[in-house]
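A short write-up of the structure that comes next.
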Amino acid sequence: MADFGYDISGYNIIDPVYGTMDDFVSLQKKLQSLGIKIILDFVPNHSSDEHVWFKKSVDKIMPYKDYYVWRDAKCDDNNTITPPNNWQSLFSNSAWTWNKKREQYYLHQFDRKQPDLNYRNKDLVKEMKNNLRFWLDLGVDGYRLQTTE
Numbered sequence: 109m110a111d112f113g114y115d116i117s118g119y120n121i122i123d124p125v126y127g128t129m130d131d132f133v134s135l136q137k138k139l140q141s142l143g144i145k146i147i148l149d150f151v152p153n154h155s156s157d158e159h160v161w162f163k164k165s166v167d168k169i170m171p172y173k174d175y176y177v178w179r180d181a182k183c184d185d186n187n188t189i190t191p192p193n194n195w196q197s198l199f200s201n202s203a204w205t206w207n208k209k210r211e212q213y214y215l216h217q218f219d220r221k222q223p224d225l226n227y228r229n230k231d232l233v234k235e236m237k238n239n240l241r242f243w244l245d246l247g248v249d250g251y252r253l254q255t256t257e
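In my numbering, the protein residues as written are 109 to 257.
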């Protein structure tokens, strides 16, 4: 777990630390009967590098190939690879991390374990909408959007 759990490994699962999906449904029903609303944190900016989407993106499996922001390396005069630009993450390191398997850099505005999602990809946008709908269908009343950079 990185950054206090903001490295999302699955958008429609419950972290076992908090219980099971059955626990959530039971809680939702009880709170609803008491007139209490459920608001979930939703992190649309990035996922975990352990998320199945990222693993498939590394392997260039469609449609996940471009679910993340990937860029080729630059080469300096000594043939040393360097990040595509000098962007810094909010944690004061480079915003780019080299992935040996894919042989490209991926963007992360936060921790290197939190690769940024690519909202220019219509398939990703559809997936994220489906994840939001999943929780609404379970009775969630709204969302607190986190890290919407």
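Where a beta carbon is used, it is the ideal one built from N, C-alpha and C, also for glycine. Note that the structure is a prediction, hence the values are computed from the model and not measured.
Reducing DSSP to helix, strand and coil, say where residue i ends up.
| i | result |
| --- | --- |
| residue 206 | strand |
| residue 195 | coil |
| residue 237 | helix |
| residue 176 | strand |
| residue 163 | helix |
| residue 137 | helix |
Compare the C-alpha of residue i against each of the options and name the closest.
| i | options | result |
| --- | --- | --- |
| residue 244 | 124, 127, 136 and 215 | 136 |
| residue 218 | 230, 211 and 204 | 204 |
| residue 212 | 173, 151 and 121 | 173 |
| residue 165 | 132, 207 and 194 | 207 |
| residue 153 | 241, 228, 143 and 242 | 228 |
| residue 235 | 145, 160, 125 and 254 | 160 |
| residue 209 | 163, 192 and 237 | 163 |
| residue 130 | 238, 224, 168 and 246 | 246 |
| residue 239 | 134, 132, 126 and 151 | 151 |
| residue 198 | 188, 216 and 169 | 216 |
Looking at the unbroken beta strand (DSSP E) that takes in residue i, where does it start and where does it end?
| i | result |
| --- | --- |
| residue 215 | 212 to 215 |
| residue 149 | 147 to 150 |
| residue 69 | Nothing can be reported for residue 69, as the shown portion of the chain is limited to 109 through 257. |
| residue 253 | 250 to 253 |
Given a threshold of 16 other Cβ atoms within 10 Å of its Cβ, counted over all protein chains shown, does residue i qualify as buried or as exposed?
| i | result |
| --- | --- |
| residue 222 | buried |
| residue 196 | exposed |
| residue 185 | exposed |
| residue 242 | exposed |
| residue 123 | exposed |
| residue 259 | This structure cannot speak to residue 259, because the chain is shown only from 109 to 257. |
| residue 121 | exposed |
| residue 116 | buried |
| residue 126 | exposed |
Would residue i and residue j be called neighbours here (beta carbons separated by less than 8 Å)?
| i | j | result |
| --- | --- | --- |
| residue 248 | residue 148 | yes |
| residue 250 | residue 145 | yes |
| residue 177 | residue 214 | yes |
| residue 192 | residue 179 | yes |
| residue 175 | residue 225 | yes |
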